[in-house]
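According to mature numbering (1 follows the signal peptide of the UniProt record, and there is no 0), the sequence shown holds residues -19 to -1, 1 to 312 in order. Here a beta-carbon is modelled for each residue, glycine too, at the ideal position from N, C-alpha and C.
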Amino acid sequence: MNGLSRRALLGATAGSAMAGLAIPAARAAAPFRNDLPPAWHRFRIGEFEATVISDGALPLGDPTQAFLGVEAGEVRRMLTGAFLPPGAATLAQNALVLNTGRQLVLFDTGMGDSMGEASRMFGPTTGQLLKNMRAAGIDPAQIDMVIATHAHCDHIWALVDANGNRNFPNAQVAISEADLRYWTDDANKRGPEFMTAFIDGARKNLAAYRDRMVMVRDGQEVIPGVTAVASPGHTVGHHCYIIASGDKVVMNTGDLAHHQVLLLRRPGLEFSFDTDPKLSAATRTRLLDRIATDRYGVLSYHFSWPGLGHVVREGEGYGWLPSPMNTTLVE
């Protein structure tokens, strides 16, 4: 039998064998899951263990109504250039839990549900902090101190639940005296419509901790390794916090800048929820320059999740360099 006929015979034999095999029917496509995992991220700051906990997305709506001082077209161009939707601005809410080995400290609490319908003034995606904290293995009862950057709703309204009970029953609350006074004073219920809700919410949440308050002061340690930095403007008593351990330094900037594109590239822009917009812009520019010069790490409450990175000088403003999300705790 020559080579050609042998090949033909082998082909015919293989074909006969294949004919006896049933070809399985195509399986249906896998269903969409339509869910997300709990949002928390753990990392190190020197000897400290840090965990960023999300309180969920905070939609602001039309960015041209929130970020003021430049024409609307420029705002939209900056967002489009950063591959962000030009017609709607959404802020993250990145609360920080810091374990120093001696104390467990929470910076800001998110929106919570203490004020009923008002707690959803920015939509149903907020108020996720307690759920995500538990998913990260942190019991709210373990928190020794809540450090508030300021007394706005998205930073302290989860101090208590809807019934006024403390969500952090063993915690002290550290806040500036200026913010404590301002945001619990009925005389300040004037101007924008949101002021009444903000003041009523601050009073309810802060009153539950009135016997365990710690007043923060510029340049002083709140706890070992955490130093307050006065940064007024967004509120009268807004503070950032420098966290230092070993050779690592991270500044928790709170609401120094609300957006990683708009308020870094144009730090002089005004934000509609600022108590003193011009002072806020001046403070922002001053501290961004310090952060870039000293090469601090940054945790920003409202920058894209998880809000960790570095600020660098870029053109007439600053740029944002997000840090990689490590999958280990080794740095």
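What are the boundary residues of the beta strand (DSSP E) that M126 is part of?
That run of the beta strand (DSSP E) goes M126 to I128.
Just checking my contact of G182 with A99 at CB under 8 Å: how many whole Å lie between their CB atoms?
At roughly 7 Å, the Cβ-Cβ gap stays under 8 Å, so G182 and A99 are in contact.
Report the option in W21, G104, G108 and A47 whose CA atom is closest to the CA atom of A238.
If we check each option's Cα against that of A238, A47 comes out closest.
Nearest to R171 by CA position, among D16, G278, T256 and R271, is which residue?
Of the listed residues, the one whose Cα sits closest to R171 is T256.
Confirm, please, whether the CB-CB distance from F179 to C134 is below 8 Å.
Going by C-beta atoms, C134 is nearer than 8 Å to F179.
If contact is defined by three or more beta carbon pairs under 8 Å, each pair taking one atom from either stretch, is the region 143 to 157 in contact with the region 115 to 130?
Yes, the region 115 to 130 touches the region 143 to 157.
Using CA atoms only, rank isn't needed, just tell me which of P173, P67 and L161 is closest to M194.
Among P173, P67 and L161, the Cα nearest to that of M194 belongs to L161.
Please report the residue range of the alpha helix (DSSP H) in which I119 lies.
Note, I119: premise wrong, no alpha helix (DSSP H); not H, not E.
Counting C-beta neighbours from all protein chains within 10 Å, is the total for S35 16 or more, i.e. buried, or is it exposed?
With 16 or more other Cβ atoms within 10 Å, it is buried.
Quick check: what's the CA-CA separation for G91 versus I26?
Rounded to whole angstroms, G91 to I26 spans 22 Å at the Cα level.
In the DSSP assignment, find the beta strand (DSSP E) that holds M194 and state where it starts and stops.
Element bounds for M194: M194 to V197.
To the nearest angstrom, report how far apart N307 and A20 are at their CA atoms.
Using only the alpha carbons, I get a separation of about 15 Å.
Does the Cβ of G227 have 16 or more other Cβ atoms within 10 Å, making it buried, or fewer, making it exposed?
G227 comes out exposed.
Between Y282, L268 and L17, which has its C-alpha nearest R276's C-alpha?
For the residues Y282, L268 and L17, the minimum Cα distance to R276 belongs to L268.
Does DSSP put V300 in a helix, in a strand, or in coil?
Reading the sequence as shown, one finds Gly at residue 300 and not Val. G300: strand per DSSP, three-state reduction.
Could you please give the first and the last residue of the uninterrupted beta strand (DSSP E) stretch that includes H220?
H220 to S226 is the extent of the beta strand (DSSP E) around H220.
Does the region 72 to 87 come close enough to the region 198 to 215 that 3 or more CB-CB pairs lie under 8 Å?
Yes, since at least three Cβ pairs between the region 198 to 215 and the region 72 to 87 fall closer than 8 Å, the two stretches touch.
Could you tell me whether the region 215 to 235 touches the region 97 to 117, using the rule of 3 or more Cβ pairs below 8 Å?
They do not touch, by the three-pair rule.
Please go through the same chain and pick out, in chain order, the residues whose beta-carbon is closer than 8 Å to the beta-carbon of D167, but skip the five residues on each side of it.
Excluding sequence neighbours, D167 sits near I180.
Cα separation between V279 and S285?
Going from the Cα of V279 to the Cα of S285 covers about 12 Å.
Can you list, in chain order, the residues of its chain with a C-beta nearer than 7 Å to that of V293? Leave out the 5 residues immediately preceding and following it.
The residues are A273, Y299, G300 and L302.
S261 and L49 - do their beta-carbons sit closer together than 8 Å?
Against a cut-off of 8 Å, the Cβ pair of S261 and L49 comes out as no contact.
For D236, which of A225, T266, P18 and K229 has the nearest alpha-carbon?
Ranking A225, T266, P18 and K229 by Cα distance to D236 puts T266 first.
Take A132 and list the residues in its own chain whose beta-carbon comes closer than 6 Å to its own, dropping the five residues that flank it on each side.
Once the five neighbours on either side are set aside, the close Cβ partners of A132 are D160, W164 and A183.
Determine the closest residue to D199 out of N146, H220 and L187, with distance taken between C-alpha atoms.
That would be H220, whose Cα lies nearest to the Cα of D199.
Please identify the residue among M59, M196 and E28 whose C-alpha is closest to the C-alpha of F44.
In the sequence on display, residue 44 carries Pro and not Phe. Nearest of M59, M196 and E28 to P44, Cα basis: M59.
Am I right that R247 and A189 are in contact with their C-beta atoms under 8 Å? What's the rounded C-beta distance?
Wrong, their Cβ atoms sit about 39 Å apart, outside the cutoff.
Can you grab the Cα-Cα spacing for the pair M176 / Q109, in whole Å?
One C-alpha to the other measures close to 23 Å.
Could you give the C-beta distance for L87 and A76, rounded to a whole number, given that I count them as a contact under 8 Å?
6 Å between Cβ atoms; contact.
Can you tell me the Cα-Cα spacing of residue 315 and H291, whole angstroms?
Coverage of the chain is limited to positions -19 through 312, which leaves residue 315 absent and any answer about it impossible.
The beta strand (DSSP E) that contains M96, what's its start and end?
Neither: M96 is in no beta strand (DSSP E) and is coded neither H nor E.
Suppose you measure from the CA of residue 313 to the CA of D89; what does that come to, to the nearest Å?
Within the shown structure, residues of the chain are numbered from -19 to 312, placing residue 313 beyond reach of any answer.
Which two residues bound the contiguous alpha helix (DSSP H) that contains H136?
Taken as a continuous stretch (DSSP letters only), the alpha helix (DSSP H) holding H136 covers C134 to I137.
Does DSSP classify K170 as helix, strand or coil?
Reduced to three states, the DSSP call for K170 is coil.
How big is the Cα-Cα spacing for G(-5) and P12?
Below a pLDDT of 50, predicted positions are generally treated as unreliable, and G(-5), at 48, falls in that range; no measurement from the model is reported.
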